[in-house]
Amino acid sequence: MNNETLIKNLRNIPDFPIPGIQFKDVSTLFKNPKCMKIMVNEVYDLYKDKGITKVVGIESRGFILGAAAAVKLNAGFVLARKPGKLPAETISESYMKEYGKDTIEIHKDAIDENDVVLIHDDLLATGGSMKAVYNLVQKFHPKKVYINFIIELTGEGLNGRETFDPETEITTLIKI
Ligand code: AMP
Numbered sequence: 000m001n002n003e004t005l006i007k008n009l010r011n012i013p014d015f016p017i018p019g020i021q022f023k024d025v026s027t028l029f030k031n032p033k034c035m036k037i038m039v040n041e042v043y044d045l046y047k048d049k050g051i052t053k054v055v056g057i058e059s060r061g062f063i064l065g066a067a068a069a070v071k072l073n074a075g076f077v078l079a080r081k082p083g084k085l086p087a088e089t090i091s092e093s094y095m096k097e098y099g100k101d102t103i104e105i106h107k108d109a110i111d112e113n114d115v116v117l118i119h120d121d122l123l124a125t126g127g128s129m130k131a132v133y134n135l136v137q138k139f140h141p142k143k144v145y146i147n148f149i150i151e152l153t154g155e156g157l158n159g160r161e162t163f164d165p166e167t168e169i170t171t172l173i174k175i
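If you read the sequence shown in numbering that gives the first Met the number 0, its first letter stands for residue 0, the second for the next number, and so on.
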């Protein structure tokens with residue numbers, strides 16, 4: 000993949016939110032109609048033959064392309080949210096972050112055993128947050144689970160893919 004238009008339009012913000020972090024600002028991709036179209040089409044091409052029935056987007060940047068891709072894939076869209084945000088009964092998964100613990104939730108009736116799920120987020124760094132959502136989605140016993148990111152950070156010390164079993168199917172649109 001590594002579409003030139005996407006790479007050219009992705010904004011890097013040094014030292015945000017803390018010194019030393021090179022923040023990849025996907026809002027510059029979302030505001031650009033050409034980039035939106037490229038991203039939706041790329042996700043569609045990757046998954047059009049997989050029988051995806053639900054796209055799970057991770058709060059909050061995973062909601063945007065996740066929902067757009069769900070429409071094109073003729074799939075439903077499911078929200079994976081931070082604790083206390085979803086109004087009905089949820090299933091949750093907790094995970095360790097660099098500083099302390101975090102939790103992610105999905106509505107209990109959002110996914111079932113007949114679903115083929117694509118989980119989407121904007122960026123793969125350590126893989127911790129996606130792993131938590133992946134584990135959470137597995138609790139619903141869907142037929143199959145795929146993972147997609149817009150960006151994969153491949154820099155020193157980041158082995159996001161290694162957080163997952165080698166057979167886990169992960170695609171990314173841009174590798175940096
Ligand atoms: P991780 O769980 O370490 O893979 O971190 C991924 C999550 O943190 C994603 O939801 C990203 O939105 C956010 N994130 C981590 N690092 C960055 C970065 N350098 N630029 C933008 N977002 C980031």
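Cβ coordinates follow ideal geometry from the N, Cα and C atoms, glycine included.
- Non-local beta-carbon contacts of isoleucine 110 in its own chain, meaning distances under 8 Å to residues more than five positions away in sequence, involve Lys53, Val55, Val77, Val116, Val136, Phe139, Pro141 in chain order.
- Each residue's CA atom was taken as its position, placing threonine 4 and cysteine 34 some 7 Å apart.
- Approximately 6 Å separates the beta-carbon atoms of isoleucine 57 and valine 132; this is inside 8 Å, confirming the contact.
- Of all C-beta pairs linking the segment 84 to 93 to the segment 21 to 35, fewer than three are shorter than 8 Å, placing the two stretches out of contact.
- Excluding sequence positions up to five before and after aspartate 114, its CB lies within less than 8 Å of the CB of Thr52, Lys53, Phe139, Pro141, Lys142, all in the same chain and listed in chain order.
- Taking every protein chain shown into account, the CB of isoleucine 105 has 16 or more other CB atoms within 10 angstroms, so this residue is buried.
- No Cβ-Cβ contact shorter than 8 Å links threonine 162 with threonine 102.
- A distance below 8 Å separates the beta carbons of glycine 65 and histidine 119.
- At least one heavy atom of the ligand AMP lies closer than 7 Å to the C-beta of lysine 23.
- Excluding five sequence positions before and after proline 13, the CB atoms of its chain that fall closer than 7 Å to its own CB belong to Gln21, given in chain order.
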